[in-house]
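Engineer: So for the sequence shown, the numbering used here puts the first residue at 1112; every next one is plus one. Let me give you the structure first, and then I'll get to my questions.
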Amino acid sequence: MSVGVLFVCLGNICRSPTAEAVFRRQVADAGLAARVRIDSAGTGAWHLGKAPDARAQAAARQRGYDLSALRARRVHAGDFSDFDYLLAMDRENLAVLQRMQPAGGRARLALALDFAPAAALREVPDPYYGGPEGFAQVLELLEAAGAGLLEELRGRLP
Ligand code: 4NP
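Written out as structure tokens, the structure is:
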């Protein structure tokens, strides 16, 4: 049995690739890499095929994550049956997913920070138009969300 998690933001070049890399490492460290499929996608189409934003890559590298191989893609209808969880970075992107979800889609839609109840924020702020501190905050929030999500998945995976 395996479980699939898709992280979703607007551009798929800042927040969701960071979430993907963070959670991939947390899952590998837990010895569950073969049981959890992880990907990321964007609701917007501006950056398709692009590597993550250089600032997101730099902030991630400082904490030991390598985002360089990731390429932006857009969320599509098949994602709602291919993944068990579609986790949005903010309410705007969650609303897009809720509108897109096909009838009978099995994916659970939620905010990524629903898995970090102790975090000060409920949404991961868009760092694109801000400074480097925004990218560091994204990492901190997503490390907390990934830890909470990992606990939930441990309970689901026999
Ligand atoms: P992301 O950040 O959704 O975290 O990847 C953004 C990237 C690009 C844009 C906005 C947010 N943009 O407007 O191009």
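All residues carry an ideal CB built from backbone N, CA and C; glycine is no exception. All figures in this text were calculated on a predicted structure; none of them were measured in a lab.
Distance check for Y1196 and M1211, CA to CA, integer angstroms please.
Structural biologist: By one-based count along the sequence shown, residue 1211 stands at place 100. By one-based count along the sequence shown, residue 1196 stands at place 85. Cα to Cα, M1211 sits roughly 14 Å from Y1196.
Engineer: Can you tell me the Cα-Cα spacing of V1186 and V1119, whole angstroms?
Structural biologist: As a first step, residue 1186 is located in the sequence shown; it is residue number 75 there, counting from the start. As a first step, residue 1119 is located in the sequence shown; it is residue number 8 there, counting from the start. Whole-angstrom Cα-Cα distance: 8 Å.
Engineer: Among P1269, Q1137, G1266, L1117, which residue has its Cα nearest to the Cα of A1188?
Structural biologist: Taking the first residue of the sequence shown as position 1, residue 1188 is located at position 77. Between A1188 and the set P1269, Q1137, G1266, L1117, the nearest pair of CA atoms involves L1117.
Engineer: Following the continuous alpha helix (DSSP H) through D1150, name the residue where it begins and the one where it ends.
Structural biologist: As a working note, residue 1150 is residue 39 in the sequence shown. Premise fails: D1150 lies in the beta strand (DSSP E), 1147–1153, not in any alpha helix (DSSP H).
Engineer: Considering only their Cβ atoms, is the gap separating G1160 from R1184 smaller than 9 Å?
Structural biologist: The residue labelled residue 1184 in the question sits at position 73 within the sequence shown. The residue labelled residue 1160 in the question sits at position 49 within the sequence shown. Yes, the pair counts as a contact, with Cβ atoms nearer than the cut-off.
Engineer: Tell me the DSSP secondary structure of V1249 in three-state form.
Structural biologist: The residue labelled residue 1249 in the question sits at position 138 within the sequence shown. Here V1249 sits in helix by DSSP.
Engineer: When the Cα atoms are used, what is the spatial distance from G1242 to F1194?
Structural biologist: Indexing the sequence shown from 1 puts residue 1242 at position 131. Indexing the sequence shown from 1 puts residue 1194 at position 83. Rounded to whole angstroms, the separation of the alpha carbons of F1194 and G1242 is 33 Å.
Engineer: Considering only their Cβ atoms, is the gap separating L1268 from L1143 smaller than 9 Å?
Structural biologist: Here residue 1143 corresponds to residue number 32 of the sequence shown, with the count starting at 1. Here residue 1268 corresponds to residue number 157 of the sequence shown, with the count starting at 1. Yes, the Cβ-Cβ distance between L1143 and L1268 is below 9 Å.
Engineer: Once the 5 residues before and after D1164 are set aside, which same chain residues still bring their CB inside 6 Å of it?
Structural biologist: Indexing the sequence shown from 1 puts residue 1164 at position 53. The residues are I1124, C1125.
Engineer: For S1113, is the beta carbon positioned less than 8 Å from some heavy atom of the ligand 4NP?
Structural biologist: Counted from its first residue, the sequence shown places residue 1113 at position 2. Not so, every heavy atom of the ligand 4NP lies at least 8 Å from the Cβ.
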